[in-house]
Amino acid sequence: MENSSCLDTSIVIMTCSGIWLPKKLENSTKKAYYIALGVILQGILFFSVILAEMAHWIQVFGDTEKTVDATVLLLSHLVQAVKILTICLKQKRIKALVAAVDGPMFNPDDPLARGILQRTVHTLSLVGRVMAASAAVTAVFWCVMPQLKPVVTLPLKVYYPFNVDTMPMFGIMYAYLSISVAAVGVGDAAENYLVAAVLVLASAQLDVLTRKLHSLEPVELVTMVFYLVCVFMELLMYCYPGHLLISKSLLVADAWYSGWIQADFKTRRMIFLMVLRAQRALCVRAGGALHVSLPTAAARIVIPWYTTICLPDVIEELRKINRKLRIMLHHDIASSHTPKQTN
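The numbering of the sequence shown is the working numbering, which starts it at 73 and goes up by one.
Dropping the structure here:
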């Protein structure tokens, strides 16, 4: 059994609702048809209902009790709309994450570790079915409850620019909103379960890692610690001299302030501009990307190893920080050494 099998219920529901592209259609000519069908289905069953709820909220605005009820229902559906859009737009990354669950990292050779993951998968499968069933039962009761009232109303408080209180329009709208409530409720449960299940699987992997660390031999653990110490020392051996080069090169321009501070204003201004233009830190770049300096070493130590997959983002962030530090440095020098003209 694959670890991602616990997500089958959620994936089937989202596939039927049109927000999860099946794997067999990813490179097929029918992909566009599925996307169009999903947009139409979600537009009819969900987003059109949100528009009707907005119209109802505008209609009852001013009545505190009705406004609160309409606001709670509208906000809950708006949050679900954000989840749907996130799943649709970030689906490639989510599928890659689901595929990683079936990778070698989540399939250890240790029988006890494999047992931990298998128990987690079985439990999640049961929880997924229970959540989907409970959402379906809740949707049924939600649609049946209005019929038990003295005055039968629609399952949702919505507003339409036409009369829905007379038959057969009332029956059509009642059936339409009942289908919408059932589809939206079960779909929301599937979306929430997908996120929760992935987090639980990640926590199970941490249990496996904890067990591996507990089962390490003392010699092996000491070897790993010394290896990390050697790596950090090697990193420091490269980054400290590079940082020293940057610091010393920044001090070169300050040496210009020795004797010309007593000169006339025009001379001071010209020399000061020359100093600012000549003040460029000497720095060594590793691979043309990372500055060899102590902040870089600290960042590599603090950032966990698994963020190496996001190394381009880290490099770009370091470049932004470096640019900001340069601007702040030039600003501080200009503000502290600007000549003051005396009367």
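Ideal Cβ positions, reconstructed from N, Cα and C, are used throughout, including at glycine.
State the Cα-Cα distance for the pair residue i and residue j, rounded to the nearest angstrom.
| i | j | result |
| --- | --- | --- |
| M177 | D237 | 59 Å |
| V223 | F242 | 13 Å |
| L146 | T295 | 58 Å |
| S365 | S120 | 56 Å |
| V267 | C311 | 40 Å |
| V144 | D135 | 14 Å |
| M126 | A211 | 21 Å |
| A207 | A168 | 27 Å |
| H128 | F234 | 13 Å |
| I69 | G314 | In the structure as shown, the chain starts at 73 and stops at 415, and residue 69 therefore has no counterpart that could be examined. |
| I343 | K162 | 55 Å |
| L293 | V280 | 17 Å |
| P218 | P180 | 53 Å |
| V84 | P227 | 26 Å |
| V272 | V202 | 16 Å |
| K102 | V111 | 14 Å |
| V429 | L317 | Outside the shown range of the chain, which is 73 to 415, sits residue 429, and nothing can be said about it. |
| V153 | S77 | Checking the displayed sequence, the identity of residue 153 turns out to be Ala instead of Val. C-alpha separation (whole angstroms): 26 Å. |
| L345 | T339 | 10 Å |
| S197 | V170 | 15 Å |
| G257 | Y265 | 12 Å |
Checking contacts by CB at 8 Å: is residue i closer than that to chain D?
| i | result |
| --- | --- |
| T225 | Among the chains in the structure shown there is no chain D, since it carries only a single protein chain. |
Quick one: is residue i buried, meaning 16 or more other Cβ sit within 10 Å of its Cβ, or exposed?
| i | result |
| --- | --- |
| S319 | exposed |
| E137 | exposed |
| F244 | It should be noted that the sequence gives Ile, not Phe, for residue 244. Flag for I244 reads exposed. |
| N75 | buried |
| Y299 | exposed |
| F133 | exposed |
| I156 | buried |
| F213 | exposed |
| F337 | exposed |
| S252 | buried |
| C382 | Residue confidence is low: C382 scores 45 on pLDDT, short of 50, so the model does not pin down where it sits. Its coordinate-derived value is still stated next. With fewer than 16 Cβ atoms within 10 Å of its Cβ, C382 is classed as exposed. |
| T225 | exposed |
Between the options, which has its C-alpha nearest residue i's C-alpha?
| i | options | result |
| --- | --- | --- |
| L113 | Q277, P218, S100 and M86 | M86 |
| S250 | P233, V216 and A274 | V216 |
| I159 | F298, Q131 and L93 | L93 |
| V173 | R201, H149, L97 and A276 | A276 |
| Y105 | L117, F118, I116 and G90 | G90 |
| S148 | Y231, A261, Y248 and V291 | A261 |
| V270 | R165, L285, V140 and L322 | R165 |
| A254 | S287, V209, L285 and K221 | V209 |
| T282 | T81, L184, V199 and A108 | L184 |
Taking only runs that begin and end inside the segment 132-178, name each unbroken beta strand (DSSP E) of 3 or more residues, in chain order.
none
Could you pull out every unbroken alpha helix (DSSP H) segment of at least 4 residues lying fully inside the segment 78-107, listed in chain order?
80-89
What are the complete alpha helix (DSSP H) segments, minimum 4 residues, inside the segment 265-297?
none
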